[in-house]
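**Student:** Residue numbers (my numbering): -2 to 203.
By construction, the Cβ of each residue, glycine as well, lies at the ideal position given by its N, Cα and C atoms.
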Amino acid sequence: GYRVFGARWPQLFNSYYESLGPRHARPQRGLLSRPSLAEVKAYRAHVDAALADLLPSASPPALSRVELGCHHEQQHQELLLTDILHAFSCNPLLPAYQPTRPTTVAAPEQAWLRHAGGIVEVGHAGPGFAFDNEGPRHAVLLTPFEVSNRLVTCGEYADFIASGGYREPLLWLSDGWATVQAQGWQRPLYWQPDGSVFGLHGVQPL
């Protein structure tokens, strides 16, 4: 059977579930300075070894739980990057997490794609992984609509800002406009006053 790595550690990693025993308060998770990085890596190696022993003979239900755990871990990895981005953005030096910048491509010419609407099916069905809130597959009624063939570009959003988009209440839903006013928003988070943007790759032009 599986051997628990640290008898007191489950409390550190439980900030949600009453049924699993003592919890660590969610607002205080960022104050934990122990276990150390070396201890966390040793814990990870312990879990990896246990999974390597389990997987060759695991039952289908067990494999499904492992798959769910892998997807859940990916969510945590995404959150780690958002935390790193925010922490680095608070540093006046604006350091880069990954100095190598991604390749950029020109946006295709915009076109509007029309959908006739009607009864369509949405939601996950069949084999393959999906979170529980992505199913079951079901029918919904859509009225006719048009959608752009591409995403809004940063340049187009910069034009929105320059034309007074953050000063015009008619362009916002009431809750959004209230937040703009309360928070003093003038541009998206991490966009700089000089027109550049800060990201995991450091400061770069839009």
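Measuring CB to CB, does residue 9 end up less than 9 Å from residue 32?
**Tutor:** Yes; because the gap between Cβ atoms is below 9 Å, this pair is in contact.
**Student:** Could you compute how far the alpha carbon of residue 39 sits from the alpha carbon of residue 7?
**Tutor:** Approximately 15 Å between the Cα atoms of the pair.
**Student:** To the nearest angstrom, report how far apart residue 5 and residue 133 are at their CA atoms.
**Tutor:** In a straight line, the C-alpha of residue 5 is about 39 Å away from that of residue 133.
**Student:** If you follow the beta strand (DSSP E) that residue 152 is in, where does it begin and where does it stop?
**Tutor:** Where residue 152 is concerned, there is no enclosing beta strand (DSSP E), although the alpha helix (DSSP H) it sits in stretches over 151 to 159.
**Student:** According to DSSP, which residues form a beta bridge with residue 201?
**Tutor:** Answer is 194.
**Student:** Which same chain residues end up closer than 6 Å to residue 198 when comparing Cβ atoms and leaving out the 5 residues on each side of it in sequence?
**Tutor:** So the list reads 93, 95 and 98, once near-sequence residues are dropped.
**Student:** What did DSSP end up calling residue 137 once you bin it into helix, strand or coil?
**Tutor:** Strand.
**Student:** Could you tell me the alpha carbon to alpha carbon distance between residue 165 and residue 186, rounded to whole angstroms?
**Tutor:** If you take the alpha carbons of residue 165 and residue 186, they lie about 19 Å apart.
**Student:** Expressed to the nearest angstrom, what Euclidean distance is found between the alpha-carbon atoms of residue 29 and residue 35?
**Tutor:** If you take the alpha carbons of residue 29 and residue 35, they lie about 15 Å apart.
**Student:** Between which two residues does the alpha helix (DSSP H) holding residue 62 run?
**Tutor:** Start and end: 57 to 86.
**Student:** Going straight from the alpha carbon of residue 178 to that of residue 139, what length do you get?
**Tutor:** Their Cα atoms are separated by approximately 34 Å.
**Student:** Which residue comes first and which comes last in the alpha helix (DSSP H) that contains residue 5?
**Tutor:** Counting along the chain, residue 5 falls outside any alpha helix (DSSP H), and DSSP gives it neither H nor E.
**Student:** Straight-line CA distance for residue 218 to residue 193?
**Tutor:** The requested residue 218 does not occur in the structure, where the chain is confined to residues -2 to 203.
**Student:** Using only alpha-carbon positions, find the residue among 170, 110, 121 and 188 that is nearest to residue 141.
**Tutor:** It is 110.
**Student:** If we require 3 or more residues per run, which beta strand (DSSP E) segments fall completely within the segment 26 to 59?
**Tutor:** Fully enclosed beta strand (DSSP E) runs of 3 or longer: not present.
**Student:** Do you know whose CA, among 135, 129 and 124, lies nearest residue 118's CA?
**Tutor:** Taking only the C-alpha atoms, the option nearest residue 118 is 135.
**Student:** Could you tell me the distance, in whole angstroms, from the CA atom of residue 72 to the CA atom of residue 159?
**Tutor:** Cα to Cα, residue 72 sits roughly 35 Å from residue 159.
**Student:** Please identify the residue among 162, 1 and 105 whose C-alpha is closest to the C-alpha of residue 145.
**Tutor:** Considering only alpha carbons, the answer is 105.
**Student:** Tell me the rounded alpha-carbon separation between residue 196 and residue 107.
**Tutor:** Straight-line Cα distance between these residues: approximately 26 Å.
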